[in-house]
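Asks: Just passing along the structure, written as structure tokens.
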Amino acid sequence: MRAPRENASWIRDLRAGGPVQAEAITDLRGLLLRGLAKSFQARGATDQAFVEDVVQQALVHILDHLDQFQGRSRFTTWAMAIAVRLAMSALRRKRWQDVSLESLTTPIEGAPAWDSDDTTSPAQHAEQHALVETLNRLVDEALTEKQWLALTAELGGMPLEEIARRMGSNVNAVYKLLHDARQRLKHGLATAGYTAEDVRSAFP
Amino acid sequence: MALRPEQAKALIAKVLDTRAQEMTCDECVADLAAFVEVQLTGKPLSAALPAVHAHLEQCHDCADEYHILRQALTALAEEEG
Chain A
1 MRAPRENASW IRDLRAGGPV QAEAITDLRG LLLRGLAKSF QARGATDQAF
51 VEDVVQQALV HILDHLDQFQ GRSRFTTWAM AIAVRLAMSA LRRKRWQDVS
101 LESLTTPIEG APAWDSDDTT SPAQHAEQHA LVETLNRLVD EALTEKQWLA
151 LTAELGGMPL EEIARRMGSN VNAVYKLLHD ARQRLKHGLA TAGYTAEDVR
201 SAFP
Chain B
205 MALRPEQAKA LIAKVLDTRA QEMTCDECVA DLAAFVEVQL TGKPLSAALP
255 AVHAHLEQCH DCADEYHILR QALTALAEEE G
């Protein structure tokens, strides 16, 4: 049994061509297959054919992007991260394909009922109610329509990648949109007199 | 427009954890492999990696990928004995 390859050996062998490259690809393929199969098996999420398809796509991507490996981790960890990303992307698309943005972002008209749990004191309930009212006012006043859509879709559980697809955008842009929205709300809460401690005390 | 109560509660937690500077998903992905290795080996976090941790607190997509990656690497490590 050969010793595990170091990072430089992986890169060298995967670029070598011929039987050396073929052997490295076979080794990497085996490793990605075993890692992904076990992690997805643990979640009961998917089948072997799906894993094999993803690993094939990952190998193509990895071979095309070897120059992007910066050596900040083991090569195999970097490669596995790529395979995981491709797998998750495919699963998200399948899981959310029939869910529209509108189904998650339709606003409630008027004030929603705010039910605290049984352990909440009347004073804390009042604090929560006031805080949520302020938050709703800030959402109305401070957020753009796009921010409202992205934020409520995210709160509804839709992955950023799927929100981006529906908005004709990309995940980085959607993340920045959401970050800006959260910053506006945080600033708005502070301006309304809420400290972080106030908020944590209302929602411990 | 009004948020549903469960949305408001989740949003409050996210707003509280918001930082002035946060990395994007691509920046997080670039550091995710190193971050998982640090987590698995218990090595001290470098200056850059707390930003990954903060991003994972806000981004479900990247957090999911982190957990799957961590599970895959753990499974391979157990296999190697």
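So the sequences go chain by chain: A and B. Heads up, the first sequence is in our numbering, so the first residue is 1 and it goes up one at a time. Heads up, the second sequence is in our numbering, so the first residue is 205 and it goes up one at a time. Glycine included, each C-beta is placed from N, C-alpha and C at the ideal position.
Do you know whose CA, among A/Q48, A/P4 and A/A3, lies nearest A/L33's CA?
Replies: For the purposes of this step, residue 33 of chain A is identified with residue 33 of the first sequence, where counting begins at 1. Per the Cα distances, A/Q48.
Asks: Let me know if A/S73 comes out buried or exposed under the rule of 16 or more other beta-carbons within 10 Å of its beta-carbon.
Replies: Numbered from its first residue, the first sequence carries residue 73 of chain A at position 73. It is buried - the Cβ of A/S73 has at least 16 other Cβ atoms within 10 Å.
Asks: Taking the Cβ atom as the reference point for each residue, do A/M80 and A/G30 lie within a distance shorter than 8 Å?
Replies: In the first sequence, counting from the first residue as 1, residue 80 of chain A sits at position 80. In the first sequence, counting from the first residue as 1, residue 30 of chain A sits at position 30. No; because the gap between Cβ atoms is not below 8 Å, this pair is not in contact.
Asks: Quick one: is B/P254 buried, meaning 16 or more other Cβ sit within 10 Å of its Cβ, or exposed?
Replies: Residue numbering aside, residue 254 of chain B sits at position 50 when the second sequence is read from its first letter. The residue is exposed, with fewer than 16 neighbouring Cβ atoms inside 10 Å.
Asks: Can you give me the Cβ contacts of B/D265 inside the same chain, cut-off strictly under 8 Å, excluding the 5 residues immediately before and after it?
Replies: Numbered from 1 along the second sequence, position 61 holds the residue referred to as residue 265 of chain B. Within the same chain, B/D265 has close Cβ partners C229.
Asks: Is the CB of B/Q211 under 8 Å away from at least one CB in chain A?
Replies: Numbered from its first residue, the second sequence carries residue 211 of chain B at position 7. Taking Cβ atoms only, chain A reaches closer than 8 Å to B/Q211, which makes this a yes.
Asks: If you follow the alpha helix (DSSP H) that A/G35 is part of, which residue opens it and which one closes it?
Replies: Position 35 of the first sequence, counted from the first residue, corresponds to residue 35 of chain A. Unbroken alpha helix (DSSP H) run through A/G35: G18 to A42.
Asks: Rounded to whole angstroms, how far is the Cβ of A/S39 from the Cβ of B/Q275, which I believe are closer than 8 Å?
Replies: Counting from 1 along the first sequence, the entry for residue 39 of chain A is found at position 39. Counting from 1 along the second sequence, the entry for residue 275 of chain B is found at position 71. Yes, A/S39 and B/Q275 are in contact; Cβ-Cβ is about 4 Å, under 8 Å.
Asks: Interface residues of chain A around B/L273 at Cβ under 7 Å?
Replies: In the second sequence, the residue the question calls residue 273 of chain B occupies position 69. Correct list: M80, A81 and V84.
Asks: Since A/V54 and A/A8 are thought to touch, with beta carbons under 8 Å apart, how far apart are those beta carbons, to the nearest angstrom?
Replies: One-based indexing of the first sequence puts residue 54 of chain A at position 54. One-based indexing of the first sequence puts residue 8 of chain A at position 8. Wrong, their Cβ atoms sit about 27 Å apart, outside the cutoff.
Asks: With a threshold of 16 other CB atoms inside 10 Å of the CB of A/G58, please say whether the residue is buried or exposed.
Replies: Along the first sequence, read from residue 1 onward, the residue named residue 58 of chain A stands at position 58. In the sequence on display, residue 58 of chain A carries Ala and not Gly. With 16 or more other Cβ atoms within 10 Å, it is buried.
Asks: Would you tell me roughly how many angstroms separate the C-alpha atoms of B/S171 and B/T278, rounded to the nearest one?
Replies: Nothing in the structure corresponds to residue 171 of chain B, since chain B is present only between 205 and 285.
Asks: If we count the other Cβ atoms within 10 Å of its Cβ and call it buried at 16 or more, is A/R137 buried or exposed?
Replies: Residue 137 of chain A sits at position 137 when you count from the first residue of the first sequence. So A/R137 counts as exposed.
Asks: Applying the 10 Å Cβ sphere with the 16-neighbour rule, what's the burial state of A/G17?
Replies: By one-based count along the first sequence, residue 17 of chain A stands at place 17. When all chains shown are included, A/G17 counts as exposed.
Asks: Comparing the C-beta of B/E269 with each C-beta of chain A, is any distance below 8 Å?
Replies: Taking the second sequence and counting its residues from 1, one reaches residue 269 of chain B at position 65. Yes, contact with chain A.
Asks: Return the Cβ separation of A/D13 and A/Q21 in integer angstroms, given the expectation that the two are a contact with Cβ distance under 8 Å.
Replies: One-based indexing of the first sequence puts residue 13 of chain A at position 13. One-based indexing of the first sequence puts residue 21 of chain A at position 21. Contact holds; Cβ gap of about 6 Å.
Asks: Select from the region 153-169 of chain A all residues with a C-beta closer than 7 Å to any C-beta belonging to chain B, and list them in chain order.
Replies: Hits within the stretch, in order: L155, P159, L160 and E161.
Asks: Chain B partners of A/N7, CB-CB under 8 Å?
Replies: Residue mapping note: residue 7 of chain A aligns to position 7 of the first sequence, counting from 1. Those do not exist, as A/N7 stays about 11 Å from chain B at its closest Cβ, beyond 8 Å.
Asks: Decide yes or no for the touch test of the region 216-223 of chain B against the region 258-272 of chain B: beta carbon pairs closer than 8 Å, at least 3 of them.
Replies: Verdict: yes, contact present.
Asks: Give a yes or no on whether 8 Å exceeds the smallest Cβ distance from B/V256 to chain A.
Replies: Here residue 256 of chain B refers to the residue found at position 52 of the second sequence. By this cut-off, B/V256 is not an interface position.
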